[in-house]
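**Q** First residue of the sequence shown? That's 77 in our numbering, and the numbers climb one at a time after it.
The beta-carbon is built from N, C-alpha and C at its ideal position, and this holds for glycine as well.
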Amino acid sequence: MSSAWNQSVVILGTGSFAPERVMTNDDLAQLVETSDEWIRPRTGIRERRIAGENETTSDMATEAARKALENAGVAPEEIDLIVVGTCTPDMAFPNVATIVQARLGAKPGPAMDLEAACAGYPYVLDVADALMRRHGHRKALVIGADKMSSILNWNDRTTCVLFGDGAGAVVLGLEEEPGHGLIETKLGADGRDGPILCVPMMPKQAPTWPESLAFAPDTIYMNGREVFKQAVRVMGQSSQELLERNNVTSEEVKLFVPHQANTRIIEAMADRMGVSMDRFIINLDRYGNTSSASIPLALDEANRAGRLQKGDYLLMVAFGGGLTWGATLAKWF
Ligand code: UT7
Numbered sequence: 077m078s079s080a081w082n083q084s085v086v087i088l089g090t091g092s093f094a095p096e097r098v099m100t101n102d103d104l105a106q107l108v109e110t111s112d113e114w115i116r117p118r119t120g121i122r123e124r125r126i127a128g129e130n131e132t133t134s135d136m137a138t139e140a141a142r143k144a145l146e147n148a149g150v151a152p153e154e155i156d157l158i159v160v161g162t163c164t165p166d167m168a169f170p171n172v173a174t175i176v177q178a179r180l181g182a183k184p185g186p187a188m189d190l191e192a193a194c195a196g197y198p199y200v201l202d203v204a205d206a207l208m209r210r211h212g213h214r215k216a217l218v219i220g221a222d223k224m225s226s227i228l229n230w231n232d233r234t235t236c237v238l239f240g241d242g243a244g245a246v247v248l249g250l251e252e253e254p255g256h257g258l259i260e261t262k263l264g265a266d267g268r269d270g271p272i273l274c275v276p277m278m279p280k281q282a283p284t285w286p287e288s289l290a291f292a293p294d295t296i297y298m299n300g301r302e303v304f305k306q307a308v309r310v311m312g313q314s315s316q317e318l319l320e321r322n323n324v325t326s327e328e329v330k331l332f333v334p335h336q337a338n339t340r341i342i343e344a345m346a347d348r349m350g351v352s353m354d355r356f357i358i359n360l361d362r363y364g365n366t367s368s369a370s371i372p373l374a375l376d377e378a379n380r381a382g383r384l385q386k387g388d389y390l391l392m393v394a395f396g397g398g399l400t401w402g403a404t405l406a407k408w409f
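Pasting the structure below:
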């Protein structure tokens, strides 16, 4: 028994990967009846990256992980836990985490995927944090990776303009110095709202909510307006609750790293919390909504731009299909 509840689980390094191919709003206007004039003001998105046909979620996850390892100065052989957030795995099984483990040559420790749609990243951080403390894993890779283009209906302008592909990763380490790193994560879900944002059917399964079988059943269906309202509410509420529980004020938070779905959602949340937008990281103008990858992708950009110093508070917050949501408060190490 090697539980380590008095130690800290800290972020040792970050990495990200986005496919080469850029798809602009003008490119999309060639496919569906839309325009840059509609997309940009309503969402903040200018362009997104789209993976090649043979480029898989695990390819992107592995590249992001390699960069995170390099940034952390950690060798792949030191990694004894891998947790991946994804809703677009390469296949039903094996999971993406085991593919990454084999490719990197990591230790034969636990390797698992977790699906909480766009709220995947706070979920995987919390699971990795708990497993490290419970079992004494020393170094973990926590990855968010999604090939959203594989579940988009390219005839549905209400959804296909919103998403993109990518991956982000952090290396977590168990450290003796208490009070740093991941302080607390607050997770939540309300399954009653499942039908408003879903991919209605898996191959060879009966539909759970036949009313959601609009357009194509194996692609995203979304009631955008309803999701928008819920997103603003749950992201603001969970962030505020988390800060209050930890006696940290929003003024003390150096950086907010929100899920990148829509600039207007982030602005509404910032407004509710009374925080100016310059403390919110935004990169969805270049990537769109990359689901589980959006927080680690944005975090990697902030880290590489030197926006975080030791001791800075950082708040990551996301929501997604389920509905699921989660917020993580951390102190940069
Ligand atoms: O990670 C979680 C994932 N999802 C989200 O976070 C999405 C949350 N929701 C949103 O971001 C917004 O609701 C959207 C950006 C999806 C939509 O914005 P909206 O201001 O709520 O627009 P709407 O759905 O009310 O549509 C307004 C109009 C409609 O036309 P009519 O019925 O007024 O004639 C739509 O058909 O805009 C039309 N429309 C479009 N027009 C051009 C919808 N999508 C497009 C489009 N291009 N891509």
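#1: Which residues in the same chain as T133 place their Cβ atom closer than 7 Å to its Cβ, once the five residues preceding and following it in sequence are excluded?
#2: Can you give the Cα-Cα distance for S410 and W401, rounded to whole angstroms?
#3: Quick check on the DSSP output: what are the complete alpha helix (DSSP H) runs of length 4 or more inside the stretch 218-260, in order along the chain?
#4: Taking the beta carbon of P372 as the centre, do at least 16 other beta carbons fall within 10 Å, making it buried, or is it exposed?
#5: In angstroms with no decimal places, state the Cα-to-Cα distance between T100 and I272.
#6: Near G350, which residues of its chain fall below 7 Å by C-beta distance, leaving aside the five closest residues on each side in sequence?
#7: Can you give me the C-alpha to C-alpha distance between D205 and D347, rounded to a whole angstrom?
#8: With distance defined between alpha-carbon atoms, name the residue in V218, A344, G364 and P286 nearest to F356.
#9: Indicate the three-state DSSP secondary structure (helix, strand or coil) for T322 in the structure shown.
#10: Assuming G402 is part of the beta strand (DSSP E), what are its boundary residues?
#11: Please classify T90: does DSSP put it in a helix, a strand, or coil?
#12: Rounding to the nearest angstrom, what Cα-Cα distance links S370 and H335 in this structure?
#13: Would a C-beta distance cut-off of 8 Å place S92 and A195 closer than the cut-off?
#14: Can you give me the Cβ contacts of S368 inside the same chain, cut-off strictly under 6 Å, excluding the 5 residues immediately before and after it?
#15: Enumerate in chain order the residues of its own chain whose CB-to-CB distance from P276 is below 7 Å, with the five nearest sequence positions on each side excluded.
#16: In whole angstroms, what separates the C-alpha of S43 from that of T110?
#17: Looking only at its own chain, which residues have a Cβ that is under 6 Å from the Cβ of C274, when we skip the five neighbours before and after it?
#18: For A151, which residues of its own chain have a beta-carbon under 6 Å away from its beta-carbon, when the five flanking residues on both sides are left out?
#19: For a minimum of 4 consecutive residues, which ranges assigned as the alpha helix (DSSP H) are wholly contained in the stretch 333-359?
#20: Could you name each continuous beta strand (DSSP E) segment of 3 residues or more that falls completely within the stretch 138-215, going from the start of the chain to the end?
#21: Candidates E252, T295 and M353: which alpha carbon is nearest N231's?
#22: In the DSSP assignment, the alpha helix (DSSP H) including T119 goes from what residue to what residue?
#23: Quick one: which unbroken alpha helix (DSSP H) runs of 4-plus residues sit fully inside the stretch 257-281? Chain order, please.
#24: Over what stretch of residues does the beta strand (DSSP E) that includes R125 continue unbroken?
#25: Classify A381 as buried or exposed, calling it buried when 16 or more other Cβ atoms lie within 10 Å of its own Cβ.
#26: Give the straight-line distance between the Cα atoms of T174 and G181, rounded to the nearest whole angstrom.
#27: Helix, strand or coil: which one does DSSP assign to A307?
**A** Let me spell this out:
#1: Taking C-beta separations shorter than 7 Å and ignoring five residues to either side along the sequence, the partners of T133 in its chain run T162, T164, P165, D166, V172, A221, D222 and K223, following chain order.
#2: Limits of the chain in this structure are 77 at one end and 409 at the other, which puts residue 410 out of reach.
#3: Counting whole runs of 4 or more residues, the stretch 218-260 contains the alpha helix (DSSP H) stretches 233-236.
#4: With 16 or more other Cβ atoms inside 10 Å of its own Cβ, P372 counts as buried.
#5: T100 and I272 have their alpha carbons spaced roughly 27 Å apart.
#6: For G350, where only same-chain residues beyond five positions count, the Cβ hits under 7 Å are S326.
#7: Between D205 and D347, the alpha-carbon positions lie close to 31 Å from each other.
#8: Checked all of V218, A344, G364 and P286; the closest Cα to F356 is A344.
#9: Residue identity differs from the one stated: residue 322 is Asn in this sequence, not Thr. Reduced to three states, the DSSP call for N322 is coil.
#10: Looking at the DSSP string, the run of the beta strand (DSSP E) that includes G402 is T400 to K407.
#11: The DSSP-derived three-state label of T90 is strand.
#12: Distance between the alpha carbons of S370 and H335: 6 Å.
#13: In this structure, A195 does not lie closer than 8 Å to S92 by Cβ.
#14: Non-local beta-carbon contacts of S368 in its own chain, meaning distances under 6 Å to residues more than five positions away in sequence, involve G161, T162, G196, Y197, G220 and D222 in chain order.
#15: Within the same chain, P276 has close Cβ partners P283, W285, S288, L289, P293 and Y297.
#16: Since the first residue shown for the chain is 77 and the last is 409, residue 43 is missing from the structure and cannot be characterised.
#17: In chain order, S288, Y297 and G397 place their CB closer than 6 Å to the CB of C274, counting only its own chain and leaving out the 5 sequence neighbours on each side.
#18: Closer than 6 Å at Cβ, skipping near neighbours: no residue.
#19: Positions of the alpha helix (DSSP H) runs, each at least 4 residues long and wholly inside the stretch 333-359, are given as 339-349 in order along the chain.
#20: Considered as a whole, the stretch 138-215 harbours 157-161 and 187-190 as its complete beta strand (DSSP E) runs of no fewer than 3 residues, in chain order.
#21: N231 has its Cα closest to that of T295, out of E252, T295 and M353.
#22: It spans D112 to T119 - the alpha helix (DSSP H) in which T119 sits, taken as one unbroken run.
#23: Runs of alpha helix (DSSP H) with 4 or more residues, each lying fully within the stretch 257-281, are absent.
#24: That run of the beta strand (DSSP E) goes E123 to R125.
#25: Exposed, since its Cβ has fewer than 16 Cβ neighbours within 10 Å.
#26: Near 10 Å, if we compare the C-alpha coordinates of G181 and T174.
#27: In the three-state reduction of the DSSP assignment, A307 falls in the helix class.
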